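Everything in the sequence shown is counted per our numbering, starting at 102 for the first residue and increasing by one. Glycine residues also receive a C-beta, built at the ideal position from the N, C-alpha and C atoms. Predicted, not measured: the structure shown is a model, and the values here were computed from it.
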Amino acid sequence: MREYAKGGALTEVSLYILISVCKPNHGYGIMKFIEKETNGRVTLGAGSLYGAINNLLAKDLITLLEETDDNRKIYLINDAGRQILTSEYERLASLLNSIQRVVKEDEL
C-alpha cells in the first residue's frame, strides 16, 4: 500500500490536510483547521496550502467535491486517502511506541 508515497511517507502538512477533509472542507477552512490543531505551530500561506492540496489531488487521495458560486473549492478525502491515513496512523503509532520504549529504557 506504499505506492502512494514513492518518495516516502506523507508530509505533516499533507496528513493534516487529509484529516481536515474527512468532512467536506474548503481551503480557508483547511488552513484554519491546521492552525487550530497545531496550536499555531503550523501556519500555511495560500501557495503552500494549495500546492499540498494539488499534490494530494494528483495522488488521488482527495477529491474536489464541488466549486461553489463564490469560487470556493470543497474537498473531501476519498477511499484511497482513508486507506493512506490509516496506514500513516499505524506507521506513526509504531514509531511512537519505539520512542516510548527507548525513553523508558533510558530512564532505568
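Between the alpha carbons of N179 and E206 lies a gap of roughly 41 Å.
Note on geometry: alpha-carbon atoms of K160 and G182 lie some 9 Å from one another. DSSP places L166 inside the beta strand (DSSP E), whose first and last residues are I163 to E168. Counting along the chain, L177 sits inside the beta strand (DSSP E) bounded by residues K174 to I178. Around the beta carbon of A147, fewer than 16 other beta carbons lie within 10 angstroms, which makes this residue exposed.
S195 counts as exposed, since fewer than 16 other beta carbons sit within 10 angstroms of its beta carbon. By the CB criterion at 9 Å, L166 and I154 fall outside the cutoff. When DSSP states are grouped into helix, strand and coil, N140 belongs to the coil group.
In its chain, beyond the 5 residues on either side, I131, A153, I154 and L157 have a beta carbon closer than 7 Å to the beta carbon of I118.
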